[in-house]
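Undergrad: So the sequence shown is residues 13 to 180, counted in this note's numbering.
C-beta: ideal position from N, C-alpha, C; glycine also.
The structure displayed is predicted, hence computed values, not measured ones.
Sharing a structure, written as structure tokens. Questions coming.
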Amino acid sequence: MIALLLMSAQAEDREGERIAADLERLAGDSQWGGVERAYARLLADHPSALAGNLHLVAAQSARARGDMLLALQRIQRVTEDDAKHDEAVRELERLQSATRLVAIEASVGAVLSADAVPFDPTLKIAIDRAVERVAADGFFVGLLPAGAYKVGEQAFDLQVGTDWQVVP
């Protein structure tokens, strides 16, 4: 019986290793949808296979799709004893030095606009994602680059920070 349990655990470990390798391969090909699916499977079924490098790759995937808050959360999963911890700290500082947590509430169809487009393409994608969410749902919750914005006729400025800014 113990032998069967050990064989089952080893098979689970190999499956987790296979999915982790797939995640890294997909990231190398910039196939972010595949990265998201692989990461979700690892979180759900093989959390012990998730080393810091995989959290960072998943954060890169979230950034590429403009979801800076999800990227931040994934970076924060890298533990202090992980070999990638220093890299995670640098990435966290880089993200926090350019963004602000924001909650925007407007009417469905409202137009969100930024006065300036950031040089970092992932930050531009984050703005585009927020524009889409506000127009479709009337709200957005996440990280946006610091800068001047408008929702409809209401102007507001986002300063870099780690606390929430609410835009009614």
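By the DSSP assignment, the alpha helix (DSSP H) with residue 99 in it spans what residues?
TA: Here residue 99 corresponds to residue number 87 of the sequence shown, with the count starting at 1. Here the alpha helix (DSSP H) through residue 99 covers 97 to 108.
Undergrad: Under 8 angstroms between the Cβ atoms of residue 74 and residue 86?
TA: Counted from its first residue, the sequence shown places residue 74 at position 62. Counted from its first residue, the sequence shown places residue 86 at position 74. Result yes, Cβ atoms of residue 74 and residue 86 sit closer than 8 angstroms.
Undergrad: Could you give the first and the last residue of the continuous beta strand (DSSP E) run that contains residue 89?
TA: Taking the sequence shown and counting its residues from 1, one reaches residue 89 at position 77. Taken as a continuous stretch (DSSP letters only), residue 89 belongs to no beta strand (DSSP E), as it is neither H nor E.
Undergrad: For residue 128, count neighbouring Cβ atoms within 10 angstroms of its own Cβ and tell me buried if that reaches 16, exposed if not.
TA: Residue numbering aside, residue 128 sits at position 116 when the sequence shown is read from its first letter. By the neighbour-count rule (16 or more Cβ atoms within 10 Å), residue 128 is not buried but exposed.
Undergrad: Is residue 47 closer than 8 angstroms to residue 62 when the C-beta atoms are compared?
TA: By 1-based counting over the sequence shown, the position of residue 62 is 50. By 1-based counting over the sequence shown, the position of residue 47 is 35. The answer is no: Cβ separation not under 8 angstroms.
Undergrad: Buried or exposed: which applies to residue 120, given that a residue is buried once 16 or more other Cβ atoms fall within 10 Å of its Cβ?
TA: As a first step, residue 120 must be located in the sequence shown, where it is residue number 108. Residue 120 comes out exposed.
Undergrad: Please classify residue 111 as buried or exposed, where buried requires at least 16 other C-beta atoms within 10 Å of its C-beta.
TA: As a first step, residue 111 is located in the sequence shown; it is residue number 99 there, counting from the start. Burial call: buried.
Undergrad: Count the other C-beta atoms from every protein chain shown that fall within 10 angstroms of the C-beta of residue 134, then say buried if there are 16 or more, exposed otherwise.
TA: Counted from its first residue, the sequence shown places residue 134 at position 122. It counts as buried.
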